[in-house]
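This report refers to the structure that appears directly beneath it.
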Amino acid sequence: MDRAHQLIGGKRQRFRDMLRLGCQFISPSQHVAEAFNSVYGAGRCQIINNGIDLATEAILAQLSPVPLNPGKPRIAIVAHDLRYDGKTDQRLVHDMMALGEKIELHTFGKFSPFTGQNVVNHGFETDKRKLMSALNEMDALVFSSRVDNYPLILCEALSIGVPVLATHSEAAQEVLAKSGGQTFAATDVLRLAQCRYRCTAPGAPGAAA
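So, in structure tokens, the structure goes:
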């Protein structure tokens, strides 16, 4: 049962009621604003991009360069709830786990369903400094969310210098395009995850380093 489809009529009417009251809508992403305006009229939704806050910028500035990784690629997966397929492509993660000794998966988030000899579960990290320090040790971040509007984790990873391997989504495409990057099919992500990008200059797939 598609409950979201059943609710859409009522939600759209609520938006129309709010617009009649003079409410102004904002979105962090261009593709969401354009979709909203295509339904409710031009200019009804304005864009205010998300960005890295000053506290995070200070953390990033203090991170030390990491030594080259001579071993298997260390791949990060970050989500609030790792069970939710909308945020984390479960099949893609299991396919990466099946690579065995070729890669080392590091998950950051609650309720990780992923266990294996090549999986390290860090749990949900509330300390931004600890999370950024851990990501600084990674060779790449795999991003496979289909529901994010403007994923800040991509901006943070790129600011650290961690390459991003993102599957196709409007949100990932919008963020990565700003740094000359691109998204990939899941099959390509699986192949690219086996490379050590931070050890091989110049650049990296997913986004410009």
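Mapping the sequence shown onto this note's numbering, position 155 (from 1) lands on 162, and the numbers just tick up by one.
Ideal placement from N, C-alpha and C gives every residue a C-beta, glycine not left out.
If you drop the 5 nearest sequence neighbours on each side, which residues of the same chain put their C-beta closer than 7 Å to that of residue i?
i	result
residue 98	none
residue 29	none
residue 32	43, 51, 52
residue 18	none
residue 108	79, 125
Would you say residue i and residue j are within 8 Å of each other, going by their C-beta atoms?
i	j	result
residue 154	residue 93	yes
residue 178	residue 142	no
residue 218	residue 199	Given that the chain is displayed from residue 8 to residue 216, the structure contains no residue 218 and the question cannot be resolved.
residue 150	residue 173	yes
residue 34	residue 52	yes
residue 40	residue 54	yes
residue 81	residue 145	yes
residue 181	residue 36	yes
residue 190	residue 175	yes
What are the residues that DSSP puts in a beta bridge with residue i?
i	result
residue 147	82
residue 112	82, 126
residue 117	88
residue 191	174
Keeping to the same chain, check which residues put their C-beta closer than 8 Å to that of residue i; ignore five residues upstream and five downstream.
i	result
residue 104	112, 121, 123, 125, 126
residue 139	63, 66, 67, 70, 163, 167
residue 135	62, 63, 66
residue 169	83, 142, 143, 145, 146, 147, 148, 205
residue 88	94, 116, 117, 118
residue 192	174, 175
residue 130	115, 116, 117, 119
Using a Cβ-Cβ cutoff of less than 6 Å, which residues in the same chain neighbour residue i once the five nearest sequence positions on both sides are dropped?
i	result
residue 128	114, 119
residue 202	none
residue 96	151
residue 79	110, 111
residue 86	94, 95, 116
residue 156	35, 36, 39, 178
Under the assumption that residue i contacts residue j (Cβ atoms under 8 Å), give the Cβ distance between them as a whole number of angstroms.
i	j	result
residue 102	residue 14	Between residue 14 and residue 102 the Cβ distance is about 33 Å, and since that is not below 8 Å, they are no contact.
residue 56	residue 159	In fact, because the Cβ distance is near 10 Å, the residues do not count as touching under 8 Å.
Please go through the stretch 134-185 and give each complete alpha helix (DSSP H) segment of 4 or more residues, from N-terminal end onward.
135-142, 159-167, 177-184, all fully within the stretch 134-185.
Hey, which unbroken runs of the beta strand (DSSP E) at 3 residues or more fall wholly within the stretch 30-76?
Correct list: 32-34, 52-54.
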